[in-house]
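Chains as they are written, first to last, in the numbering used here: chain A, -17 to 153; chain B, -12 to 143.
Working notes, beginning with the structure itself.
Printed below as a string of structure tokens:
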């Protein structure tokens, strides 16, 4: 398989954001400066997650061949793959965008699109934050909401697969 | 005969396992290629956190459970930051008599939907996938918020 040439992605987005900061600076220097401080703080927090994702991607690619990934998470995969996606979403930490590179890699190796949808939605169940949710909203709310989130995630994945079957692969 | 042996050798080549460092280098490089995209999103999150204040968000709720559920979903998607913040804000909103329908939608869409992540999601997964995923997440956020509240009302 031909290797993809290295190119930076999102150059225009970054440029647009920098321009936006610049324009805001002309009107009120305080806003972009505090936004920049917040962004740096966010970056510091997500760097360990980025490192973990890079390591995880490398470990997966080292131990599993693309064919194996496809058989576990691809078209032929069974209920186990859906449960794995659900569990992975629940235990995944950090912002959604930190997981884009890993999911893109897995998708490139044949991962079903429905599983990505399941992963993204099940991330709404945050195990470390459950005690806090119980404290604010109560046990019943936390259990009921979490249960519906997991069921909803699976239904969404299934619907997306149905859409793909009728309209072709979603890109 | 010689041709056959060469073909066999060529077939065997891709099966050789690359070293872990090479694979790690490759995955670091593909992550590095995404750096401008991720930095752009982080920059957007920072600016949204400054411009969209909790006070601004809570002032949007109107007292009608249907409209408030919709507003809860949209404001959750517009806000960004640690989900802990959504619980804090959700608690505040409940104290201000905003309905549980709206608060459930708000804390759920905070994690599952995000306007600031859209450019990156489109760049990585494609426009059509992003469109369908976000429509599904939007609809299901509302359905789950309503179902959760109704279930809690029914439970003893």
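C-beta: ideal position from N, C-alpha, C; glycine also.
Can you find a C-beta in chain B that's less than 8 Å from the C-beta of residue i?
i, result
"residue 143 of chain A", "no"
"residue 127 of chain A", "yes"
"residue 86 of chain A", "yes"
"residue 83 of chain A", "yes"
"residue 105 of chain A", "yes"
"residue 138 of chain A", "yes"
"residue 134 of chain A", "yes"
"residue 52 of chain A", "no"
"residue 97 of chain A", "no"
"residue -4 of chain A", "yes"
"residue 13 of chain A", "yes"
"residue 25 of chain A", "yes"
"residue 78 of chain A", "yes"
"residue 40 of chain A", "yes"
List the residues of chain B that residue i touches, going by C-beta distances under 7 Å, in chain order.
i, result
"residue 34 of chain A", "Simply none; closest approach about 11 Å."
"residue 156 of chain A", "As shown, chain A starts at -17 and ends at 153. That puts residue 156 of chain A outside it, with no answer to give."
"residue -1 of chain A", "27, 30, 31"
"residue -7 of chain A", "23"
List the residues of chain B that residue i touches, going by C-beta distances under 9 Å, in chain order.
i, result
"residue 10 of chain A", "Going along chain B, no residue has its Cβ under 9 Å from residue 10 of chain A, so there is no contact; the nearest lies around 10 Å."
"residue 153 of chain A", "112, 113, 114, 115, 116"
"residue 2 of chain A", "30, 31, 34"
So which residues of chain A does residue i contact, with C-beta pairs closer than 7 Å?
i, result
"residue 71 of chain B", "111, 114"
"residue 49 of chain B", "The premise fails here: residue 49 of chain B is roughly 22 Å from chain A at the closest Cβ pair, so nothing lies under 7 Å."
"residue 98 of chain B", "105, 106"
"residue 138 of chain B", "126"
"residue 37 of chain B", "13, 16, 17, 20"
"residue 134 of chain B", "130"
Is residue i close to chain A? Criterion is C-beta to C-beta, closer than 8 Å.
i, result
"residue -1 of chain B", "Note that residue -1 of chain B scores 48 on pLDDT, short of 50, meaning its location in the model is unreliable; the coordinates nonetheless yield the value given after this. Answer no: the Cβ-Cβ gap between residue -1 of chain B and chain A never drops below 8 Å."
"residue -12 of chain B", "Here residue -12 of chain B scores only 48 on pLDDT, less than 50, and its place in the model should not be relied on; the value that follows carries that caveat. Chain A contact via Cβ: absent."
"residue 129 of chain B", "no"
"residue 17 of chain B", "yes"
"residue 88 of chain B", "no"
"residue 147 of chain B", "In the structure as shown, chain B begins at -12 and stops at 143. Residue 147 of chain B is therefore absent and cannot be evaluated."
"residue 44 of chain B", "no"
"residue 124 of chain B", "yes"
"residue 80 of chain B", "no"
"residue 56 of chain B", "no"
"residue 102 of chain B", "no"
Mind pulling the chain B residues with CB within less than 8 Å of residue i?
i, result
"residue 49 of chain A", "Correct list: empty, because the minimum Cβ distance to chain B is about 11 Å."
"residue 131 of chain A", "95, 131"
Beta-carbon of residue i versus every beta-carbon of chain E: anything under 8 Å?
i, result
"residue 101 of chain A", "This model lacks chain E altogether; the protein chains it does include are A and B."
Name, please, each residue of chain A whose Cβ falls closer than 8 Å to the Cβ of residue i.
i, result
"residue 146 of chain B", "With chain B represented from -12 up to 143, any question about residue 146 of chain B goes unanswered, as that position is not in the structure."
"residue 77 of chain B", "118, 119"
"residue 20 of chain B", "-12, -11, -10, -9"
"residue 52 of chain B", "Per Cβ cutoff of 8 Å: no residues; residue 52 of chain B is ~16 Å from chain A at best."
List the residues of chain A that residue i touches, going by C-beta distances under 9 Å, in chain order.
i, result
"residue 74 of chain B", "111, 114, 115, 117, 118, 119"
"residue 83 of chain B", "Chain A residues near residue 83 of chain B: none, gap ~14 Å exceeds 9 Å."
"residue 142 of chain B", "122, 126"
Exercise. What are the start and end residues of each continuous alpha helix (DSSP H) run of 4 or more residues lying completely inside the stretch 11 to 87 of chain A, in chain order?
Worked result: 12 to 45, 48 to 55, 61 to 73
For this session: Could you say if the stretch 114 to 126 of chain A and the stretch 30 to 50 of chain B meet the contact criterion of at least three C-beta pairs nearer than 8 Å?
Result: no
For this session: Tell me, please, whether the stretch 119 to 138 of chain A touches the stretch -6 to 6 of chain A by the rule of three or more beta-carbon pairs shorter than 8 Å.
Result: no
Exercise. Counting Cβ pairs closer than 8 Å, one from the stretch 102 to 113 of chain B and one from the stretch 70 to 78 of chain B, do we hit at least three?
Worked result: Look at the beta carbons and you see the stretch 102 to 113 of chain B not touching the stretch 70 to 78 of chain B: under three pairs across the two are nearer than 8 Å.
For this session: Answer yes if the stretch 94 to 112 of chain A comes into contact with the stretch 76 to 89 of chain B, meaning at least three C-beta pairs across the two stretches below 8 Å, and no otherwise.
Result: no
Exercise. If we count Cβ pairs, one from each stretch, closer than 8 Å, do we get three or more for the stretch 90 to 98 of chain A versus the stretch 140 to 152 of chain A?
Worked result: yes
For this session: Could you name each continuous alpha helix (DSSP H) segment of 4 residues or more that falls completely within the stretch 104 to 135 of chain A, going from the start of the chain to the end?
Result: List check, alpha helix (DSSP H) in window: 112 to 119.
Exercise. Taking one C-beta from the stretch -14 to -6 of chain A and one from the stretch 20 to 37 of chain B each time, how about it: are there three or more such pairs within less than 8 Å?
Worked result: Judged by pairs of C-beta atoms under 8 Å, the stretch -14 to -6 of chain A touches the stretch 20 to 37 of chain B, as three or more such pairs exist.
Exercise. With a cut-off of 8 Å, do at least 3 Cβ pairs link the stretch 26 to 38 of chain A to the stretch 52 to 62 of chain A?
Worked result: no
Exercise. Is the stretch 112 to 126 of chain B close to the stretch 31 to 49 of chain B, with three or more CB pairs under 8 Å?
Worked result: no
Exercise. Quick one: complete alpha helix (DSSP H) runs, 4+ long, within the stretch 15 to 97 of chain B?
Worked result: 22 to 38, 41 to 45, 52 to 65, 70 to 82
For this session: Determine contact between the stretch 91 to 102 of chain B and the stretch 54 to 67 of chain B, defined as no fewer than three beta-carbon pairs at a distance below 8 Å.
Result: yes
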